[in-house]
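Trainee:
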Amino acid sequence: MFEIGKYTTLKILRETEPGLYLGNDSESEEVILLPHKYKPEFFEIGDELKVFIYLDYEERPIATTLEPFVQLQSFGFLRCADVTKHGAFMDWGLEKHLFVSFKEQARPMKVNNWYIVYLYLDEQTNRLAGSSKTNQFLQNDRITVKTYDEVEILVTHLTDKGANVIINGQHKGLIYLEDIFEDLRTGDRLKAYIKKIRDDHKIDVVLQKQGYQSIEPNAQYILEELKIAGGFLSLNDKSSPETIKELLGLSKKSFKKAIGSLYKDRLILLKDDGIELV
Numbered sequence: 002m003f004e005i006g007k008y009t010t011l012k013i014l015r016e017t018e019p020g021l022y023l024g025n026d027s028e029s030e031e032v033i034l035l036p037h038k039y040k041p042e043f044f045e046i047g048d049e050l051k052v053f054i055y056l057d058y059e060e061r062p063i064a065t066t067l068e069p070f071v072q073l074q075s076f077g078f079l080r081c082a083d084v085t086k087h088g089a090f091m092d093w094g095l096e097k098h099l100f101v102s103f104k105e106q107a108r109p110m111k112v113n114n115w116y117i118v119y120l121y122l123d124e125q126t127n128r129l130a131g132s133s134k135t136n137q138f139l140q141n142d143r144i145t146v147k148t149y150d151e152v153e154i155l156v157t158h159l160t161d162k163g164a165n166v167i168i169n170g171q172h173k174g175l176i177y178l179e180d181i182f183e184d185l186r187t188g189d190r191l192k193a194y195i196k197k198i199r200d201d202h203k204i205d206v207v208l209q210k211q212g213y214q215s216i217e218p219n220a221q222y223i224l225e226e227l228k229i230a231g232g233f234l235s236l237n238d239k240s241s242p243e244t245i246k247e248l249l250g251l252s253k254k255s256f257k258k259a260i261g262s263l264y265k266d267r268l269i270l271l272k273d274d275g276i277e278l279v
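Take 2 as the starting number for the sequence shown in my numbering and just add one per residue.
This is the structure we're talking about:
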């Protein structure tokens, strides 16, 4: 059975007046229609096509080569195209708009406003539907990321604390105001990094890569000097500012910050007589 709300790759089995019938193989009893308006300009029977499966206006599974703005069990930033007595209808890139019932609206939706929407399959009707009550689809009890991990984020809203984000489509996170160095808007999708996971399971996120490579630019320089010196430098946090300046050209403050970062990342050992490369 074809999975509604997701992409799948199928073979072109035959061409008819309504369009192309697709399936897994020529003997497959299960086929799905790709209407003529979505067929490729050039094709041969047996070619494979990547298509998206959804329900048409008569609630029948149908294939399309159009690309939706959101897939099943994921979040998208969608424009409200219409509001009726039944609910809101979102433009999600396909001919048939996505329905969001009133009970699944975090706040009443208005035409032409944009909202973060989660796409799910309504088990009672077996129809694709949307919800802007996003918290019910997120959890921070079983966190699947760790400090310094690179993640994908979706900005959900901005507050006086910073930017609330969805992490990898699973967890809630926050970029604190002091860690924001660029303009962010609701709906932005960005690469980000885990800064800290708190004891209460709240997750701090930053847009800059963590570790010595970005937080402390002098750390990489010290690593290179360690390698040149055979893995050991007769400098530590007790060394005089003059000695540090003479050997590395750094202030004592910059030196201490750099070796602290390297030690935290387990790249060096702190000895009584200096620092050693791990």
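Ideal Cβ positions, reconstructed from N, Cα and C, are used throughout, including at glycine. For clarity, every value in this text was computed on a predicted model and none was experimentally measured.
1) With a threshold of 16 other CB atoms inside 10 Å of the CB of S262, please say whether the residue is buried or exposed.
2) When you compare each of P109, E60, E96 and E68 to V84 by their alpha carbons, which one comes out closest?
3) Alpha carbon to alpha carbon, what distance is there between K97 and Y213?
4) Cα-Cα, which of Q171, D142 and I181 is closest to T160?
5) When the Cα atoms are used, what is the spatial distance from F44 to D57?
6) Measuring CA to CA, which of G131, S240 and R143 is closest to I168?
7) Output needed for E31: all residues of its chain with C-beta closer than 8 Å, excluding positions within five of it in sequence on either side, in chain order.
8) Go ahead and pull the three-state DSSP assignment for K147.
9) Determine which residues share a DSSP beta bridge with N165 and list them.
10) In this structure, how does DSSP classify L139 when only helix, strand and coil are distinguished?
11) Run through DSSP, which three-state label would S255 get?
Mentor: Quick look at the numbers:
1) buried
2) P109
3) Because Y213 carries a pLDDT of 46, less than 50, the predicted location of this residue cannot be relied on, and no value is offered for it.
4) I181
5) 24 Å
6) R143
7) M2, F3, G24 and N25
8) coil
9) H158 and L175
10) coil
11) helix
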